[in-house]
Amino acid sequence: MSVSTDDSDQLRSLSSWLEPEPELRGRVGAVERDPAPGTLGPVTEALQIALGSGGAVAALSGVVVAWLGSRPGDVTVKLVRGEDQIEVSAGRVRSLDAGKLVDLTAEIAKVLEDPDDR
Numbered sequence: 000m001s002v003s004t005d006d007s008d009q010l011r012s013l014s015s016w017l018e019p020e021p022e023l024r025g026r027v028g029a030v031e032r033d034p035a036p037g038t039l040g041p042v043t044e045a046l047q048i049a050l051g052s053g054g055a056v057a058a059l060s061g062v063v064v065a066w067l068g069s070r071p072g073d074v075t076v077k078l079v080r081g082e083d084q085i086e087v088s089a090g091r092v093r094s095l096d097a098g099k100l101v102d103l104t105a106e107i108a109k110v111l112e113d114p115d116d117r
């Protein structure tokens with residue numbers, strides 16, 4: 000599955016939140032493209048995450064919601080697994096109470112779960 004946003008710095012930040020999670024350790028990688036002429040280093044276009052079954056999807060969903068809640072401004076991420084996708088913005092996350100955050104986390108997990116597990 001992949002996670003993308005318009006800002007490669009935000010993707011690197013999200014990656015730093017995802018990588019320490021035990022269920023996601025070793026499963027998060029950057030999809031990069033060559034830098035534009037005159038600039039240094041590759042540009043991160045997306046994060047590629049190898050999801051197994053069970054806890055990895057729940058961990059990813061929870062971390063994405065927590066990370067978005069900590070972002071200033073209105074960052075939006077798109078999460079895609081196969082034909083299924085969901086977009087979530089930091090503004091939306093910050094506007095929700097605790098109960099609605101739990102609901103959003105569950106909604107993301109449902110979209111990202113393996114179709115064979117549904």
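Every letter in the sequence shown is one number past the one before it in numbering that gives the first Met the number 0, and letter 46, counting from 1, is 45.
Beta carbons are placed, not taken as given, at the ideal position from N, Cα and C, and that holds for glycine.
Query	Result
Enclosing alpha helix (DSSP H) for R93 [first to last residue]	89 to 93
Distance between beta carbons of L78 and V92, contact taken as under 8 Å	That pair is no contact at about 13 Å.
Burial state of V101, where buried means 16 or more other Cβ atoms lie within 10 Å	exposed
Option nearest R80 by Cα separation, candidates A58, V74, I48, A57	I48
Spatial neighbours of V27 in its chain, beta-carbon cut-off 7 Å, leaving aside the 5 residues before and after	S14, L17, E18, L46, I48
Limits of the beta strand (DSSP E) - the one that T43 falls within	42 to 48
Segment limits, beta strand (DSSP E) that includes A29	27 to 32
Spatially closest choice to Q9 from L23, G37, V74, A35, by CA coordinates	V74
Closest by C-alpha distance to E112, when choosing among D5, D6, T38, E82	E82
Best match in L50, G51, P34 for proximity to T43 [C-alpha to C-alpha]	P34
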